[in-house]
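Start counting the sequence shown at -1; every next residue gets the next number (our numbering).
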Amino acid sequence: MLVHRKKRPRYQIQMPLTSLIDIVFLLLIYFLLTTNFLVEEGINIALPQAQAGAPQVKEEITVFVDKEGRAYVGDREIPIDQLYTRLKEMIGGQRDRLVVVKADRSIVLNKAVKVMDLAKAAGAERLCLATEKGL
-1 MLVHRKKRPR YQIQMPLTSL IDIVFLLLIY FLLTTNFLVE EGINIALPQA
49 QAGAPQVKEE ITVFVDKEGR AYVGDREIPI DQLYTRLKEM IGGQRDRLVV
99 VKADRSIVLN KAVKVMDLAK AAGAERLCLA TEKGL
């Protein structure tokens, strides 16, 4: 004799996804707001490589020297004969401001040294020539 039992309804496990989705969106918004998407603007140059270097943390004045030997402060080209005046204005009385010279590796080194000499004459006490960290 066959006994037919009623099948129990299978309970499906359900997870409340609403709160999980809320947390994911909050994290997404947090990371979007705290991420720095700014890229350093300037002239496209290839820096020479160095074995060691110290990261700089103070506010600095960056002078770019491209392949043709033209000098740029920010994204503006400054003729070499006016660079001294521009650097003197930017340094002002803050002699401890760092002047970073980012010169293309393909230029003659004398051009980068000339820019560094102009910065020194304009009152800069702290100078450095930017390099890329070598392998």
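Each residue gets a CB set at the ideal place from its N, CA and C atoms; glycine is no exception. Values in this document were obtained by computation on a predicted structure and should not be read as measured data.
- Spanning the alpha carbons of Ile41 and Leu24 requires a straight line of approximately 38 Å.
- Distance from the CA atom of Gln80 to the CA atom of Leu30, rounded to whole angstroms, is 42 Å.
- Counting only residues of its own chain and dropping the five nearest sequence neighbours on each side, Lys86 has a CB closer than 8 Å to the CB of Ala120, Gly121.
- For Ala101, there is no enclosing alpha helix (DSSP H); the enclosing beta strand (DSSP E) has its first and last residue at 96 to 101.
- DSSP places Ile59 outside any alpha helix (DSSP H); the residue lies instead in the beta strand (DSSP E), whose first and last residues are 58 to 63.
- Boundaries of the beta strand (DSSP E) harbouring Arg74: 74 to 76, taken from the DSSP string.
- In the DSSP assignment, Val1 falls outside any beta strand (DSSP E), carrying neither H nor E.
- Exclusion of the five residues before and after Ile105 leaves Val63, Lys65, Gly67 as the residues of its chain whose Cβ lies within less than 7 Å of its Cβ.
- In terms of Cα proximity to Thr83, the closest of Val99, Arg6, Lys118 is Lys118.
- Under DSSP, Glu130 forms a beta bridge with Gln47.
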